[in-house]
Amino acid sequence: MKRMLDMVVLSNERLNDQNNLLKVTPATGEKLPDTVSPGQFVQIRIENSVHTFLRRPISVNFVDTSLNQLWLLVQNVGEGTKHLCNYSEGEKINIIFP
Numbered sequence: 001m002k003r004m005l006d007m008v009v010l011s012n013e014r015l016n017d018q019n020n021l022l023k024v025t026p027a028t029g030e031k032l033p034d035t036v037s038p039g040q041f042v043q044i045r046i047e048n049s050v051h052t053f054l055r056r057p058i059s060v061n062f063v064d065t066s067l068n069q070l071w072l073l074v075q076n077v078g079e080g081t082k083h084l085c086n087y088s089e090g091e092k093i094n095i096i097f098p
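Position one of the sequence shown corresponds to residue 1 (my numbering), numbered consecutively onward.
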């Protein structure tokens, strides 16, 4: 069953001109879903973007269960991912898990 969680951005590291590593954790302190694993895609709602109506599928890069963190590799290729690559530490994002 799919789950939707509000997440908090812990860090957003620019790896190169096209890729960012976004590290997030549940905003409420909930445990990450047990079913999420690297290689799967989560659906991210892009807030405050007039050009982005649909959620963006982003690949799960790493799941750290001990720290309750999800690492997402974001390729900056369009308006939605460009906006996502500019998120700052402490901002909240809404994610639907597989």
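Glycine included, each C-beta is placed from N, C-alpha and C at the ideal position.
As the structure is a computational prediction, the values presented were derived from the model and not from experiment.
- Under the criterion of beta carbons closer than 8 Å, Leu84 and Val74 qualify as touching, at roughly 5 Å.
- In the DSSP assignment, Leu54 falls outside any beta strand (DSSP E), carrying neither H nor E.
- Secondary structure at Glu30: coil, using DSSP grouped into helix, strand and coil.
- Assignment of Lys82 by DSSP, reduced to helix, strand and coil, places it in the helix class.
- From the listed residues Arg14, Leu21 and Gly39, the smallest Cα separation to Phe97 is found for Gly39.
- Cα atoms of Arg56 and Gln18: separation of roughly 16 Å, rounded to the nearest angstrom.
- Within its own chain, the residues whose Cβ lies closer than 7 Å to the Cβ of Ile58, once the five positions on either side in sequence are excluded, are Phe41, Val42, Ile44, Leu72 and Val74, listed in chain order.
- The alpha-carbon of Ser11 is positioned some 19 Å away from that of Lys31.
- Closest option to Leu67, judged by alpha-carbon separation, among Asn61, Gly80 and Val24: Val24.
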